[in-house]
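Asker: For reference, the structure I am asking about is given below.
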């Protein structure tokens, strides 16, 4: 099987235009036509229907596309494994993360991982959940790390949770609720609540939670950035439900106060999402092993130290410096 023909086939299934495929592949249009025709002859069936001037992927083509993708993924993984065994651990860790995860959870994990795997390069894309799923669908990233509230097509993707994130209600220190020992949830209805726009998975999650507790928010402000929401609370624009790990410093310095809501006890899972038809690179697999070692532990630093003990003993010191700095 000629890998160049497989790549040409996959490109053509996306653009459905021989000229455009030729531009993408830096070759001539006749070359694309010859590669597709040769591939169809080798398989023994047509992969595209040509109706007038338009090109369509037929049933055989759609079925073959699944295996063509797997074959190229296997080839890429095989090459990286071969190079890795020859020159040591190296490669690109390419993944996507939602705003909260990318800013407040992953930096400490990436620091520890980079200390151990010194030859790797890291490309973390922080985008909206919808954009990230598009990147994964196009195979532009190896995996995603998201809130478990994000809906995915589980026939195409698979997910596994590894961390529980606690959302707490925070208010500026001078806010009336900051002095309340135990909040009556009905008191929220008289407050200005800051949260993300309607399409946010966190917003949808919070709205349903409040509805289930018979709380109707009458006054709210939509802000698309989590950091902007936090700063707005500090500046007395309103109150907000924010991840505990995102406001630790502000709570310690008295810039924010937690309003205790034990009747809610809001927790959400953090998951990693992979494609079912994709074989992960060794670098991506190693990072996912690190995620799995956390295993819902509240103390991330201790989890990383435990992970380092399972790694190369001689590197324990550099891992420890990463998680304590």
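In this note's numbering, the protein residues as written are 50 to 374.
By construction, the Cβ of each residue, glycine as well, lies at the ideal position given by its N, Cα and C atoms.
1) From 122, 74, 120, 57, pick the residue whose C-alpha is nearest to that of residue 97; which is it?
2) Identify, in the order they occur along the chain, each residue of the same chain with its Cβ nearer than 6 Å to the Cβ of residue 142, setting aside the five sequence neighbours on each side.
3) Rounded to whole angstroms, what is the Cα-Cα separation between residue 307 and residue 211?
4) Kindly identify the DSSP beta-bridge partner or partners of residue 244.
5) Applying the criterion that 16 or more other CB atoms from any shown protein chain within 10 Å of the CB defines a buried residue, is residue 233 buried or exposed?
6) State the CB to CB distance for the pair residue 327 and residue 122, rounded to an integer number of angstroms; the pair is presumed to be in contact (CB under 8 Å).
7) What runs of the alpha helix (DSSP H), each 4 residues or longer, lie entirely inside the stretch 194-267?
8) On the criterion of 16 or more Cβ atoms from any shown chain inside 10 Å, does residue 240 qualify as buried, or is it exposed?
9) Residue 100 lies in the alpha helix (DSSP H); which residues open and close that run?
10) Using the Cα positions of residue 214 and residue 319, report the straight-line distance between them to the nearest angstrom.
11) Going by C-alpha to C-alpha distance, which of 124, 115, 305, 67 sits closest to residue 221?
12) Can you tell me whether residue 112 is helix, strand or coil according to DSSP?
13) Where does residue 93 land, buried or exposed, given buried means 16+ other C-beta within 10 angstroms?
14) By Cβ distance, which residues of its chain are closer than 6 Å to residue 254, with the 5 residues on each side in sequence left out?
15) Output needed for residue 296: all residues of its chain with C-beta closer than 7 Å, excluding positions within five of it in sequence on either side, in chain order.
16) Which value, in whole angstroms, describes the spacing of the CA atoms of residue 288 and residue 116?
17) For residue 223, I'd like the list of residues in its chain whose CB is within less than 8 Å of its CB, leaving aside the five on either flank, ordered along the chain.
18) Grab me the residues of residue 247's own chain with a C-beta within less than 8 Å of its C-beta, minus the 5 sequence neighbours each way, in chain order.
19) Compare the Cα-Cα distances from residue 147 to each of 128, 182, 86 and report the closest residue.
20) Assuming residue 313 and residue 353 form a contact by the criterion Cβ under 8 Å, report the distance between their Cβ atoms to the nearest whole angstrom.
21) Would you mind reading off the limits of the beta strand (DSSP E) that contains residue 292?
22) Measuring straight from C-alpha to C-alpha, what distance separates residue 194 and residue 149?
23) Assuming residue 308 is part of the beta strand (DSSP E), what are its boundary residues?
24) Going along the chain, which residues of its own chain have a beta-carbon closer than 7 Å to the beta-carbon of residue 340, five neighbours each way excluded?
25) Tell me the rounded alpha-carbon separation between residue 158 and residue 175.
26) Would you kindly report the start and end of the unbroken alpha helix (DSSP H) that includes residue 301?
27) How would you call residue 65, buried or exposed, if buried means at least 16 neighbouring beta carbons within 10 angstroms?
28) For the alpha helix (DSSP H) holding residue 342, just list the boundary residues, first then last.
29) Report all residues from its chain with a CB closer than 8 Å to the CB of residue 264; omit the five preceding and five following residues, and keep chain order.
30) Buried or exposed, going by whether 16 or more other CB atoms sit within 10 Å of the CB of residue 302?
31) Got a sec, what are the start and stop residues for the alpha helix (DSSP H) residue 82 sits in?
32) Whose C-beta lies closer than 6 Å to the C-beta of residue 310 among residues of the same chain, with five residues either side of it excluded?
33) Under the three-state reduction of DSSP, which class applies to residue 181: helix, strand or coil?
Answerer: The relevant details are as follows:
1) 57
2) 169, 171, 332, 336
3) 25 Å
4) 271
5) exposed
6) 5 Å
7) 250-261
8) buried
9) That residue, residue 100, is in no alpha helix (DSSP H); its beta strand (DSSP E) goes 97-100.
10) 7 Å
11) 305
12) helix
13) exposed
14) 198
15) 219, 279, 305
16) 51 Å
17) 285
18) 253, 271
19) 182
20) Actually they are not in contact, since the Cβ atoms of residue 313 and residue 353 sit about 29 Å apart, beyond 8 Å.
21) 289-292
22) 10 Å
23) 305-308
24) 211, 321
25) 15 Å
26) 297-301
27) exposed
28) 331-343
29) 234, 235, 237, 238
30) exposed
31) 78-92
32) 218, 232
33) helix
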